[in-house]
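**Q** So in our numbering, the last spot in the sequence shown is 79, and the numbers never skip.
Backbone N, C-alpha and C define an ideal beta-carbon position, used for all residues, glycine too.
Next up is a structure, given as structure tokens.
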Amino acid sequence: MITYTPFLNTNLFTARTLTTSISDASGVPTTGTGTPRLYWKINSGAWNSVAGTYVSGSTYTFIFGAGV
């Protein structure tokens, strides 16, 4: 299960930090292979991805989108 609060619209060009709660019955890796990743693209551009940073419990953060 993945939960997060959607961002509001913005006119900023800086990176944003998305805080999520990610859980799975078999567990979620906190480092290395299998760490949660966030994928995004801007309009018809190429897909980008970033690995999540484990915070604690089921909380991960993703910093992404600079230059949008």
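What residues in its chain sit with their C-beta under 7 Å from that of residue 51, if we drop five residues either side in the sequence?
**A** 59, 75 and 76, listed in sequence order.
**Q** Among 34, 62, 38 and 36, whose alpha-carbon lies nearest the alpha-carbon of residue 46?
**A** Comparing Cα positions, the closest option is 62.
**Q** Could you have a look at residue 54 and say whether DSSP puts it in helix, strand or coil?
**A** Coil.
**Q** With H, G and I counted as helix, E and B as strand and the rest as coil, what does DSSP make of residue 22?
**A** In the structure shown, residue 22 sits in coil (DSSP, three-state: anything other than H, G, I, E or B).
**Q** Measure the alpha-carbon distance for residue 14 versus residue 69 and round it to whole angstroms.
**A** Between residue 14 and residue 69, the C-alpha separation is close to 10 Å.
**Q** Alpha carbon to alpha carbon, how far is residue 18 from residue 53?
**A** Distance between the alpha carbons of residue 18 and residue 53: 15 Å.
**Q** Assign residue 73 to buried or exposed, taking buried as 16 or more other Cβ atoms, counted over all protein chains shown, within 10 Å of its Cβ.
**A** That one is buried.
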